[in-house]
Every structure is written in C-alpha cells, then in structure tokens.
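Protein chains in written order, with our numbering: chain R, 1 to 252; chain G, 1001 to 1252.
We put the CB at the ideal spot given by N, CA and C, even for glycine.
Below is one structure, written out as structure tokens; the observations come after it.
2 protein chains.
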Amino acid sequence: MLSATPLEGLPEVTAGLDLGQAITTALARWPVPERPRPGDVLVVAHKVVSKAEGATRRLSAVRPSARAVELAAGVRDPRVVQVALDESRTVVRAVPGVIVCETHQGFVCANAGVDQSNVPGEDLVLMLPSDPDASARRIRARIRELAGVAPGVVISDSFGRAWRTGQVDVAIGLAGVAALDDWRGRTDKDGRELHATVIAVADLLAATADLARRKDAAQPVVLIRGAGEYVTEDDGPGVRPLLRERAQDLFR
Amino acid sequence: MLSATPLEGLPEVTAGLDLGQAITTALARWPVPERPRPGDVLVVAHKVVSKAEGATRRLSAVRPSARAVELAAGVRDPRVVQVALDESRTVVRAVPGVIVCETHQGFVCANAGVDQSNVPGEDLVLMLPSDPDASARRIRARIRELAGVAPGVVISDSFGRAWRTGQVDVAIGLAGVAALDDWRGRTDKDGRELHATVIAVADLLAATADLARRKDAAQPVVLIRGAGEYVTEDDGPGVRPLLRERAQDLFR
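Spelled out as structure tokens, the structure:
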C-alpha cells in the first residue's frame, strides 16, 4: 500500500526559515510508530522553499522593458511579465495572457513559474528556487542531521500541459529520489518488453502529494510511504534526467 | 491520509471478460473493514479494459498505406503505424520513430495509444477503448449492482509529455469522478486568489495509482481511498473537461 499524509503544524514560512528543522519538528509530533523511516519521501511545495530562500521580488522595484509591455498585451501586469522574462532563457510561446518560458533551470512552464498568490503583501511575487536540487539536498541533509533518517526529498510545482487542461504537480528538485524508473530491456510476465518503458516516478510522487494535500489548508509538505524502491542513499543526479533535451523536443 | 492499494487476484483478462464482476470478486476477498465504501476510487489501466472489450487488431490482417510506410521511416513496423493512423483524427507531429497523434477520442499522445506489449500473441496490437467514459460507466454500474457501492472509476493510460522525459499515467475515461477541481474565484487563507486555479484531479488519481502499482506484477486495478471529495453520485461528464480545446492549443 502507498500512503500520503500531509504535515500539520508547520510555522508560517518567512525568509530565512530553516525548513529542514521546521519539518523535523512537525514530524516529531507524530506518534512514534508513524515517524519517518528509511524509504519515506517528503514532497515539499516549492512555494515554501522559495519563501524561505527569499526567492521573491518587489513589483514596485521592477521596471518593465518594452518587450514585457508588449507581451503583457494589456491583460497582464507588465512587471510580472518582466520578472518572468528575467527568470527565463527563452520564451517558447506567447499569446495575450499566456507566456510559456524555458526557465534558467531548464523547465518549460507558464510564466517561468512566477506567481503572486500566497505571498504576504501584494507587492511581492514569488519565483522558483534558483537551484531546486540544491534546496532539496539542503532540506534532506538537515533532516538527516536532526532526525537521524534521510527521507527522499521532492520539491514540487504545478505545471500546465500542452494538450490537457488543468495543472498537475511535477518535480522541480530532487535529493535521494530517482527521477525516472527505466524499464527498457526489462520484460513483463510473458517475457515481452514493457510498454511504459520509462516512468517519471518523481513526477508521480509530486502528483500523489498534490492529491493528498488540501489546497486551502496550508499543507505544503506531504510524507509518502510505500515508494521506498525509488529512494537512494546518495542524493543522486536531481531532476536533470526529467528534462527533455532540446534535440528531442518536437514542440517548439 | 490518502492511500492507494493494488488489487490482487484478478483473472487473466481476455475478450468478453466482465471486468466489473472480476473487480467485485477480487474486492470481496479483502477483510470486511477494508472493502469498498462510498468515496473510494478505482483506477483501471486501460490495457485490461481494451483486452476485455476486444479493442485489438491482428497485424497480419493490416495492409499499411504508403503514408504508414513513410511515417514508419524504416525504424518501425508500418502495420503498427497504420493502426495508429486508423485510430487518429490527425497526426500532430512525426519524426522517424515517433508519431504524436490526436486520437478519435480527442487525446493527443504518442502512437495514438496503440501498443504491442502485454498482448498474448505477437500478432496482436492493443488500441485504446473506443469510448473510455462509457467503459468506466459500465464498470461502475456493474460494481454498484453487485457490491451495492459505487466507487468512482478512472480508466488510465501512460502518456509522454512535450518537455519532460518519461511517462505518467493520466485519465482517459471517467465515471463518478470529477475531471477538474476548479479553484478560480476561491481564495487562500489570506484571501488571495489561488495560484493553482484548476487542478486536474483525475490525472492526479491516475498518477497516484501508477505509483502504487508494480509494473511487473499484473496490478492493473488500484483502489484509492481518501479522495472522496472528487467522487460524485452521478457519472458526470467524463474526461471531456480535461481535453484542451483546439482554439486554446498553442503547440500544434
């Protein structure tokens, strides 16, 4: 059985908060038999990571470029568009109201992951952590140090999809969790090569956490149990294996 | 807490099998307190639905068109490509080895969902169910009839993504489960409109089941508990709300 349980009782997250310590403290309130054990995975919504790391900007200090004004197309705040441009390597598509960017971290997503919700003070926007794999490694190391156990850590964000409506959470940072489960060359019970040749397990972990969490109840951290086969002792290569190489990209 | 438990002991699925009955029988072996209750969701891999419905074709009876031979590009079986073309409204992208199609059901996916794995006899390929919402409704109705409880039913398949490697399971058929959880207009705890405005909950259910299932152990059905807020008494509109309208599609 797989289970996913949101953490209660995390403090309000502000810049400089030691997230690994805050998570360890919240987990220490669980009954002893339920406390983290090897093979557990913690999925952390990037929003609290970005806040703790101070990955925010004040809109009042942003001067939108001509390009930002053009892309805002009269329907968006050009300053928010400017922040998205600053966070991006390239703009993949733009129509009035929607900008799909490739971020400096290599993610292709709407608005370069920049958003205004859940941020105290209307003047602030929140960016993605500058290096989400490093964020995941720091959180993991701190929990290992304080609790003596090192769960896998996934940093998640909500992404749209090209041909489906709605958003799903995906992994944007990883430590001690496999990005992919590669079945190529492995066979099914009849000896035939398996259909789902490469499974994006880190994205499945992010999606499972998103389903478990109540969006209106401040539950940014979810513990997943029963997926220990994807947890590794070392921190591993992070999310890079999940990013499609440009040469394999059919949709730009 | 959210939980996801694969069903054990389903029979080998062949054309004509009453899947709703087979699932009910497998569930009846669970200890009484664990048996299905209102609010549960069953996620069923389309492969067993397609097999039960006979959504298969014999390659030996397929005559590939000139276009199929061209798209096969010497690296794929042109007969499999022909079946994919027969299952499609349009080809969205094609390069040697990869064809992304829009299926008659409206899904944009590789090879129109046609695959050869897990099919007894090398000559057979498996298609998607012709109307996966109807498949989900039939399974749900049969379980309601036999077990007196009507779990939500999700039919799933593994899809690739434009900008991320690996596959994740998504919903291709629904009965009694919301496709989307629409938070537009609803606010977070500080009164700010929520970032993740529309959540593709049916796809999260499919992803959670995929994480819970062992790919090599014939576990096509997974019961998810703790997501009852998305289960509805009536069968609802199916997957249609998850399909992006052509006018909103930036990536063709």
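query	result
Proximity test, Cβ basis, 8 Å: residue 161 (chain R) and chain G	yes
Length of the line joining the Cα atoms of residue 1132 (chain G) and residue 1165 (chain G)	26 Å
Residues bridged to residue 155 (chain R) (per DSSP)	R:44, R:173
Backbone secondary structure at residue 1067 (chain G) - three-state DSSP	helix
CB of residue 1128 (chain G) within 8 Å of CB of residue 1105 (chain G), strictly	yes
Counterpart residues of residue 1182 (chain G) in DSSP-defined beta bridges	G:1198
C-beta contact flag for residue 1220 (chain G) and residue 1010 (chain G) at 8 Å	yes
Proximal residues, the segment 141-168 of chain R versus chain G, C-beta separation under 8 Å	158, 161, 162, 163, 164, 165, 166, 167, 168
Contacts of residue 1003 (chain G) in chain R (Cβ-Cβ under 9 Å)	1, 2, 3, 4, 226
Paired residues, beta bridge with residue 1085 (chain G) - DSSP	DSSP lists no partner for residue 1085 (chain G).
Presumed contact (8 Å Cβ cut-off) between residue 180 (chain R) and residue 241 (chain R), rounded CB distance	5 Å
Reduced DSSP category for residue 145 (chain R) - H, G, I as helix; E, B as strand; rest coil	helix
Within-8 Å CB hit, residue 1010 (chain G) to chain R	no
Chain-ordered chain G contacts of residue 208 (chain R) [CB-CB under 8 Å]	1002, 1004, 1204, 1207, 1208, 1211
Segment contact flag, the segment 1141-1155 of chain G with the segment 1016-1030 of chain G, C-beta cutoff 8 Å, min 3 pairs	yes
Neighbour list for residue 183 (chain R) in chain G, Cβ cutoff strictly below 9 Å	1215, 1216
Burial state of residue 1222 (chain G), where buried means 16 or more other Cβ atoms lie within 10 Å	buried
Within chain G, the residues that residue 17 (chain R) reaches when beta carbons sit closer than 7 Å	Correct list: empty, because the minimum Cβ distance to chain G is about 17 Å.
Proximal residues of chain R, C-beta to C-beta of residue 1241 (chain G) below 9 Å	165, 166
Short CB-CB distance (under 8 Å) between residue 13 (chain R) and chain G	no
Under 8 Å from the C-beta of residue 1199 (chain G): neighbouring residues of chain R	158, 166, 167, 168, 210, 215
Residue burial classification, residue 97 (chain R) (beta-carbon count within 10 angstroms, cutoff 16)	exposed
Whole-angstrom distance between residue 1171 (chain G) and residue 1086 (chain G), CA atom to CA atom	22 Å
Short CB-CB distance (under 8 Å) between residue 1093 (chain G) and chain R	yes
Whole alpha helix (DSSP H) elements within the segment 217-251 of chain R, 4-residue minimum	none
CB contact below 8 Å: residue 1221 (chain G) versus chain R	no
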